[in-house]
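Number of protein chains: 2
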Amino acid sequence: MVTQVFQRSGAAEPGPTPKQAYRRRARLDRLFDPELMKALAEPNRTSLLSCLLKCRRPCSVTEVAACCALDFSMVARHLQTMAKAGLLRCEKQGRTVWYAADGAALSSKLRALADAIDELGPEDGCCDAGSCPPTGGSA
Amino acid sequence: MVTQVFQRSGAAEPGPTPKQAYRRRARLDRLFDPELMKALAEPNRTSLLSCLLKCRRPCSVTEVAACCALDFSMVARHLQTMAKAGLLRCEKQGRTVWYAADGAALSSKLRALADAIDELGPEDGCCDAGSCPPTGGSA
DNA sequence: CTAACGTTGGCATGGTGACGCAAGTATTCC
DNA sequence: GGAATACTTGCGTCACCATGCCAACGTTAG
Chain A
1 MVTQVFQRSG
11 AAEPGPTPKQ
21 AYRRRARLDR
31 LFDPELMKAL
41 AEPNRTSLLS
51 CLLKCRRPCS
61 VTEVAACCAL
71 DFSMVARHLQ
81 TMAKAGLLRC
91 EKQGRTVWYA
101 ADGAALSSKL
111 RALADAIDEL
121 GPEDGCCDAG
131 SCPPTGGSA
Chain B
140 MVTQVFQRSG
150 AAEPGPTPKQ
160 AYRRRARLDR
170 LFDPELMKAL
180 AEPNRTSLLS
190 CLLKCRRPCS
200 VTEVAACCAL
210 DFSMVARHLQ
220 TMAKAGLLRC
230 EKQGRTVWYA
240 ADGAALSSKL
250 RALADAIDEL
260 GPEDGCCDAG
270 SCPPTGGSA
């Protein structure tokens, strides 16, 4: 017998087939932001973001670049990338550019995504539609 | 005059320099998961994830691959990637592999990240330390 | 005006990953 | 046993991107 990992509840709602689900647009689909996730996918970038979040104040590129071993131009580029993704706000003042982490914006985006996921309800099996009986389905 | 984007509050707490902030490890630093974010950074992958979340039941690779124009092997690889990142749970049953989205795990991770960000408090300027007066600081 | 400063942009390089194809493996059915 | 099914894996290609170096640009100070 196979170890039954996937628990099935009473299958109150059928649950769509993957094809139906794939086409049906949900709030979730609009909330997945590749640009945002890409910006958060690079360890050096998240280090810089974390640094700015902990600073809780605007910092210049020079200041931030002094923290890590990265090349200065790379730090500038990372900050640009994150600003474009909505993670940082920036303000140019003379020859200095100040970057500040927009923690509120990020956390609210993350919560919105979490809400949209929870909104779909827990996966609980269905398969009375007969398309995919994972664990001893009748079909 | 420069447009004053960065509002400064009373600077109740100094706020560390970027160098201090960079070294000081916070809960946040442990929550940034590059693997997770990378898994969420690819549009095709998030489409598949969304599909599985909406299905609310385990689906086989074949089923999922039938939804989109992607090559079968690519779908299988994407599902593996997401399973490794903790987004999906999978169970092999005979020659079929069932994948189910772990929505609860994802949303709780996102909320934990949001909590850790909010925990740091809003950025509000400081700079009485004299290291970075962004907008007409006294230093 | 000149020099110094802070940042941006071009360039070459190396690594990573998405993609499709095709071959291979494991399991089930006849 | 053999064939069909369901998936995995290897390979080659291509695009993107992180990285560092260096030149150029705009701004400020002298």
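Chains as they are written, first to last, in the working numbering: chain A, 1 to 139; chain B, 140 to 278.
All C-beta atoms, glycine included, are put in the ideal place defined by N, C-alpha and C.
Please classify residue i: does DSSP put it in a helix, a strand, or coil?
i, result
"A:R89", "strand"
"A:T193", "Absent from the structure is residue 193 of chain A, since the part of chain A shown begins at 1 and ends at 139."
"A:L120", "coil"
"B:A251", "helix"
"B:A243", "helix"
For a quick check, are the C-beta atoms of residue i and residue j less than 8 Å apart?
i, j, result
"A:L36", "B:S189", "no"
"A:A76", "A:L88", "no"
"B:S246", "A:A26", "no"
"B:H217", "B:L187", "yes"
"B:P173", "A:A104", "no"
"B:K193", "A:L120", "yes"
"A:L110", "B:L249", "yes"
"A:A83", "A:F72", "no"
"A:R24", "A:T81", "no"
Any alpha helix (DSSP H) of 4 or more consecutive residues that is wholly inside the region 56-86 of chain A: Secondary structure within the region 56-86 of chain A: the alpha helix (DSSP H) runs of 4 or more consecutive residues, fully enclosed, are 61-65 and 72-84 (chain order).
Members of the region 71-89 of chain A near chain B, C-beta cut-off 8 Å: Identification of residues in the region 71-89 of chain A having a C-beta nearer than 8 Å to some C-beta of chain B yields R89, given in sequence order.
Residues of the region 250-262 of chain B whose Cβ lies closer than 7 Å to any Cβ of chain A, in chain order: Result list: R250, L252, A253, I256, D257, L259, G260, P261 and E262.
Meets three-Cβ-pair contact criterion under 8 Å: the region 193-202 of chain B and the region 230-239 of chain B: The region 193-202 of chain B is in contact with the region 230-239 of chain B.
Residues from the region 53-73 of chain A in contact with chain B, defined by Cβ distance under 7 Å: Of all residues in the region 53-73 of chain A, those with a C-beta nearer than 7 Å to a C-beta of chain B are L53, K54, C55, R56, R57, P58, C59, S60, E63, V64, A66, C67 and C68, reading in chain order.
Cβ-based contacts, 7 Å cut-off: residues of the region 23-35 of chain A near chain B: Taking a C-beta cut-off of 7 Å against chain B, the contacting residues of the region 23-35 of chain A are R24, A26, L28, D29, F32 and P34, listed in chain order.
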